[in-house]
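Reading through the structure tokens given below for one structure.
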Amino acid sequence: MSKSYWLCFFLLLMGIKVWGQADFAIDHIPEHLRLRANAIMRDRQYTIDMHATNEVVLHVKEVLTIMNKSALAYARLALFYDKNTVIKDIHGALYDGQGQLMQKISAKDFLDESAVNNFSLFEDSRVKHFLPNGLEYPFTVMYDFELKFKQNLIIPDWVPKPYRDMAVEQSSYQFICGLEDKLHIKESNYTGKRTEERNQKQKSYTWMVKSLPAGRIEPLSPPPESYQTRVKIAPEQFYYYRKKGGYTNWRELGQWVYNDLIKEQQLPTPSMISQVNGLVDNLTDNREKIKVLYEYLQQKTRYVSVQIGIGGFQPMAASEVDRLGYGDCKGLVNYMQTLLNIAEIPSYYCVVNAGSLKKDMELDFASMNQGNHVILAVPLKQDTVWLECTSQKIPFGFLGDFTDDRLVFACTPHGGELLRTPKYTPMASTQQRKAIFSLNSEGDIHGAFSTRFKGAQYDNRLGIADMPLNEQTKTLKQIYAIDNIDFTQVAYADQPAEDTPCMQEDVAINIRHYAPKNGQLIYLQPNLFNRQGSVPQLEKRESPFYLNRGYTDEDILTYTVPDQYVLRMKPADVKLETDFGDFVMELTLTDRQLVYHRKLSLREGQFPPERYIDYARFMNAVYQADLTKVVFLEKEH
Numbered sequence: 003m004s005k006s007y008w009l010c011f012f013l014l015l016m017g018i019k020v021w022g023q024a025d026f027a028i029d030h031i032p033e034h035l036r037l038r039a040n041a042i043m044r045d046r047q048y049t050i051d052m053h054a055t056n057e058v059v060l061h062v063k064e065v066l067t068i069m070n071k072s073a074l075a076y077a078r079l080a081l082f083y084d085k086n087t088v089i090k091d092i093h094g095a096l097y098d099g100q101g102q103l104m105q106k107i108s109a110k111d112f113l114d115e116s117a118v119n120n121f122s123l124f125e126d127s128r129v130k131h132f133l134p135n136g137l138e139y140p141f142t143v144m145y146d147f148e149l150k151f152k153q154n155l156i157i158p159d160w161v162p163k164p165y166r167d168m169a170v171e172q173s174s175y176q177f178i179c180g181l182e183d184k185l186h187i188k189e190s191n192y193t194g195k196r197t198e199e200r201n202q203k204q205k206s207y208t209w210m211v212k213s214l215p216a217g218r219i220e221p222l223s224p225p226p227e228s229y230q231t232r233v234k235i236a237p238e239q240f241y242y243y244r245k246k247g248g249y250t251n252w253r254e255l256g257q258w259v260y261n262d263l264i265k266e267q268q269l270p271t272p273s274m275i276s277q278v279n280g281l282v283d284n285l286t287d288n289r290e291k292i293k294v295l296y297e298y299l300q301q302k303t304r305y306v307s308v309q310i311g312i313g314g315f316q317p318m319a320a321s322e323v324d325r326l327g328y329g330d331c332k333g334l335v336n337y338m339q340t341l342l343n344i345a346e347i348p349s350y351y352c353v354v355n356a357g358s359l360k361k362d363m364e365l366d367f368a369s370m371n372q373g374n375h376v377i378l379a380v381p382l383k384q385d386t387v388w389l390e391c392t393s394q395k396i397p398f399g400f401l402g403d404f405t406d407d408r409l410v411f412a413c414t415p416h417g418g419e420l421l422r423t424p425k426y427t428p429m430a431s432t433q434q435r436k437a438i439f440s441l442n443s444e445g446d447i448h449g450a451f452s453t454r455f456k457g458a459q460y461d462n463r464l465g466i467a468d469m470p471l472n473e474q475t476k477t478l479k480q481i482y483a484i485d486n487i488d489f490t491q492v493a494y495a496d497q498p499a500e501d502t503p504c505m506q507e508d509v510a511i512n513i514r515h516y517a518p519k520n521g522q523l524i525y526l527q528p529n530l531f532n533r534q535g536s537v538p539q540l541e542k543r544e545s546p547f548y549l550n551r552g553y554t555d556e557d558i559l560t561y562t563v564p565d566q567y568v569l570r571m572k573p574a575d576v577k578l579e580t581d582f583g584d585f586v587m588e589l590t591l592t593d594r595q596l597v598y599h600r601k602l603s604l605r606e607g608q609f610p611p612e613r614y615i616d617y618a619r620f621m622n623a624v625y626q627a628d629l630t631k632v633v634f635l636e637k638e639h
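Remember, my numbering sits 2 above the position in the sequence shown when you count from 1.
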């Protein structure tokens, strides 16, 4: 064996040692990638090999450096598995800031738990997860794992830079499949050029990014999908839970979901048919029938939280939900749809990306992994009734800010459609408060106020409306964070409204020593409850800013002041009109009554970075106005 061979072999071993230690040293990270970075992805190799529609292997090797505590959560690895997903291999290692090995990680170091909180609904849905703890910063974690999927309906997306405060040295994504496999590929915000290779048996696609610096975490950032680099892949022919199918668009995908996942789960029992007929036989109006059946659903069932996709995309059979009295969002929507089918009222099973941040289904790319929740649409001649089937409290026909104003995927007998859920405008999403208070010579305040919540703000108090009084007062002390406040009466009730549900809160309070004295001067801050926080002023913002939701808040608070108090100083009225919203603050004193009027309307939308400073000035002007005080002088007796 030649000397040159031994020299190459020795250098190879040295290279392995360097990769295992020195290459992970913090000093080896380029300075421009350390700037602003709370975490740095040193290398991530993401490979998906689709051997067949029922055999897909994902292999990931990643090396991630955590610079400080604020990025510790990024170091968690969570792998979900069930009868459709198998964890073939999992290991890793931890390194200190100098790249020295501290600990090897094996499968036994991972916690293995139910993915649905140990509930028996899906006993085979589990998660293995690991989070490094008790380490000095910075440190580096390396993970190497392989998963085998017995389906190809869901192909994981590639997002090389999932967090704004993360830098990336290098990240690659390779997808391998057969020569005849047809794919739909969508690249978002990818400035490189993918490489494609073929041989006699297979073809591969590869994407790579290098040297991505961390960005500044900025308030009111737009949805991550609008700026993240992302690659999505959807094979035209797929296999899922022993079912085969194919699609090229939303219509075809919806047809498969309805025919293969939903329809067979909607066979009613004789008792269900009898129950529905007994409820609606004497009714002639379809809307009234829907309302009666929805209220029956709310009374009979309870919601079990299971993320859509866990345990499969197929809902529980309606007969099982009827028997057990519970289900997840898929099961409850499927059950409600079955009840409506018995009453011969068509409805649509709709997949939605739910959450306070509005997210649409992508018009130009159909796939099953864009939603996390299911709701029901019931089309009528004049309009569409939307039903949130997981809540026992939400009024009939109301969605709220969890699923409002976004494109959803409706699965119908005629195929898939993209529909938009109702939008609650700023003028319809209101919080209106009126109060009558008395201020005594000790600075105490007592009185009562009523607040009406409508539109997207309707459910602001829904979570506490049915609590015991002691729990309500405890929660209200956190909401109305005022020292020495006591709640003597609390009541909640739905109020009639023409356009949208309305919740009314009636509260009686005492506040000790609210208006402090300094000699003969008394200082009253009239805005008791609705104070805007300050907004950081970024002169050089990098990204657009996004106001996700508009609303209107209005307060009219009336204070009766003691006879011996005379007005010493009143702040000037404020009126602001901007592209982002409007604000009014007015104070009037008539005889012994001080009336404080505040109204803030905020508009939703996305604005360019250079406009942020104007927005910050507007909101900070509101903040300052909310802090203003009225000064009284106490006359000598």
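No residue lacks a Cβ here, since even glycine has one placed at the ideal position from N, Cα and C. Remember, it's a predicted structure, so these values are computed and weren't measured experimentally.
### Query
From which residue to which residue does the beta strand (DSSP E) around residue 298 run?
From DSSP, residue 298 is part of no beta strand (DSSP E) but of the alpha helix (DSSP H) over 288-302.
#### Entry: Cβ shell of residue 321 (< 6 angstroms), same chain only, five flanking positions each side left out
Answer for residue 321: 271, listed in chain order.
### Task
Can you tell me the Cβ-Cβ gap for residue 559 and residue 528, rounded? I've got them flagged as a contact below 8 angstroms.
6 angstroms
### Message
From the DSSP secondary-structure annotation, give me the bridge partner or partners of residue 200.
### Response
Residue 200 is bridged to 205.
### Three-state secondary structure (DSSP) of residue 242
strand
### Query
Can you name the residues that DSSP bridges to residue 94?
107, 145
### Reference residue 266, options 587, 336, 466, closest by Cα
336
### Message
residue 214 and residue 163 - do their beta-carbons sit closer together than 7 angstroms?
### Response
Inclusion of residue 163 and residue 214 in the CB contact set at 7 angstroms is warranted, their separation being smaller than that value.
### Message
For residue 69 and residue 230, what's the separation of their Cα atoms in angstroms?
### Response
Rounded to the nearest angstrom, the two C-alpha atoms are 22 angstroms apart.
### Query
Taking residue 613 as the reference, which of 137, 582, 513, 181 has the closest Cα?
582
### Task
Please state whether DSSP places residue 349 in a helix, a strand or coil.
coil
### Task
Enumerate in chain order the residues of its own chain whose CB-to-CB distance from residue 640 is below 6 angstroms, with the five nearest sequence positions on each side excluded.
Because the chain is modelled from 3 through 639, residue 640 falls outside the range shown and cannot be assessed.
### Task
Tell me, to the nearest whole angstrom, how far the beta carbon of residue 463 is from that of residue 557; I am working on the premise that it is less than 8 angstroms.
Rounded, the Cβ-Cβ distance is 16 angstroms, inconsistent with contact.
### Task
Would you tell me roughly how many angstroms separate the C-alpha atoms of residue 379 and residue 208, rounded to the nearest one?
40 angstroms
### Assumed close pair residue 183, residue 233 - CB separation to whole angstroms, cut-off 8 angstroms
Actually they are not in contact, since the Cβ atoms of residue 183 and residue 233 sit about 16 angstroms apart, beyond 8 angstroms.
#### Entry: Classification of residue 457 by the beta-carbon crowding that lies within 10 angstroms, buried from 16 upward
buried
### Query
So what's residue 326 in DSSP terms, helix, strand or just coil?
Here residue 326 sits in helix by DSSP.
### Segment limits, alpha helix (DSSP H) that includes residue 49
That residue, residue 49, is in no alpha helix (DSSP H); its beta strand (DSSP E) goes 41-54.
### Burial state of residue 276, where buried means 16 or more other Cβ atoms lie within 10 Å
exposed
### Message
Once the 5 residues before and after residue 86 are set aside, which same chain residues still bring their CB inside 6 angstroms of it?
### Response
152, 153
### residue 174 - containing beta strand (DSSP E), residue span
168-180
### Task
Give the single residue among 279, 395, 238, 244 whose Cα lies nearest to the Cα of residue 262.
244
### Query
Do you know how far the Cα of residue 411 is from the Cα of residue 621?
37 angstroms
### Task
Between the Cα of residue 241 and those of 628, 52, 56, spot the shortest distance and give me the residue it belongs to.
56
### Query
Do residue 285 and residue 291 have their CB atoms nearer than 7 angstroms?
yes
### Query
Who are the Cβ neighbours of residue 177 in its own chain at under 7 angstroms, not counting the five residues just before and after it?
Closer than 7 angstroms at Cβ, skipping near neighbours: 50, 206, 207, 235.
### Task
Just grab the DSSP bridge partners of residue 422 for me.
409
### Three-state secondary structure (DSSP) of residue 499
Looking at residue 499 - three-state DSSP - the assignment turns out to be coil, as it is neither helix nor strand.
### Task
Label residue 40 either buried or exposed according to how many other C-beta atoms from any shown protein chain fall within 10 Å of its C-beta, with 16 as the threshold for buried.
buried
### Message
Counting C-beta neighbours from all protein chains within 10 Å, is the total for residue 486 16 or more, i.e. buried, or is it exposed?
### Response
exposed
### Task
Pull up the distance between the alpha-carbon of residue 216 and that of residue 135, whole angstroms please.
24 angstroms
### Query
Which residues mark the beginning and the end of the alpha helix (DSSP H) in which residue 118 is found?
Segment: none, residue 118 is in no alpha helix (DSSP H) and carries neither H nor E.
### Query
Residue range of the beta strand (DSSP E) that residue 451 falls in?
Residue 451 -> beta strand (DSSP E) spans 447-456.
### Environment of residue 402 [buried if 16+ CB atoms lie within 10 Å]
Within a 10 Å sphere around the beta-carbon of residue 402 sit 16 or more other beta-carbons, which makes this residue buried.
### Message
In this structure, how does DSSP classify residue 437 when only helix, strand and coil are distinguished?
### Response
strand
#### Entry: Sequence-distant residues of the same chain with beta carbon closer than 7 angstroms to residue 72, five excluded per side
40
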